[in-house]
Amino acid sequence: MDMALSNAEKVRSYRERLKAKKKSKLRLQEATAETKTIMRTPFWQRYQNDGNASSVEMALDIAGINAPKFVDDGDPKSASGEIERGFLNDGTPETSPYANGGGSLARAEIMVGGLIDAASELAGIINRYKRDEITARITELEQSDLSDAAVKKKAFADMAKLKKMLDQLDKQVRWSFPQWKVTGES
């Protein structure tokens, strides 16, 4: 059984993900600095007038998540303050994802990245849970009394189905998103 992560471990894990993003040229700071000079209408105004904003809010509501309130051009910040404190305590606040501000557009971009990271991590937890439960059911079937032919036939059919489920869990899935980060580089 996995232990809950401490705040320090969460911050460490978050920083590792940030480093990976930087290596793959998805640095928010570069994109934010570039887009600040190009995007003249604040993002929050566009969001409020976009017909798809209600779809964002509905999808989050279905998931039990409060939708963001884009009512001003305030800079991004973490919900807990732990991320900022972690970078401040390390003496590296300039490497924080919030270092360049960026207003409501940066808040939205960070939110997209955070939701993708959260979805990926949650999918991994669900995958491991299902894998453990399915493996336990296979073990139970293997250790059951299979002396009766009908019971044995059903057990083998159940095992085949469970093994197909495990095969499904071995696969990766992809979701396509419109590109939301721009740097002007190839």
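Numbering (UniProt numbering), first residue to last: 1 to 186. Just so you know, even glycine gets a beta-carbon here, dropped at the ideal spot from N, CA and C.
Closest option to Pro76, judged by alpha-carbon separation, among Thr37, Thr135, Gly103, Asn52: Gly103.
Ranked by how close their Cα comes to the Cα of Phe70, the residues Asn89, Val151, Gln48 have Gln48 in first place.
Glu82 places its beta carbon 8 Å or farther from that of Ala67. For Val112, the number of other beta carbons within 10 angstroms of its own is below 16, and it is reported as exposed. Along the length of the stretch 92-153, whole alpha helix (DSSP H) runs at least 4 residues long occupy 103-143, reported in chain order. In this structure, Arg131 places its C-beta atom within 8 Å of the C-beta atom of Leu166.
With 16 or more other Cβ atoms from the protein chains shown falling within 10 Å of its own Cβ, Val11 counts as buried. Taken through DSSP and simplified to helix, strand or coil, Lys171 comes out as coil. Of the candidates Gly86, Ala155, Tyr14, Ala155 places its Cα closest to the Cα of Ile138. Taking C-beta separations shorter than 7 Å and ignoring five residues to either side along the sequence, the partners of Ser144 in its chain run Ala155, following chain order. Residue burial is scored here from C-beta neighbours: Leu105 has at least 16 other C-beta atoms within 10 angstroms and is therefore classed as buried.
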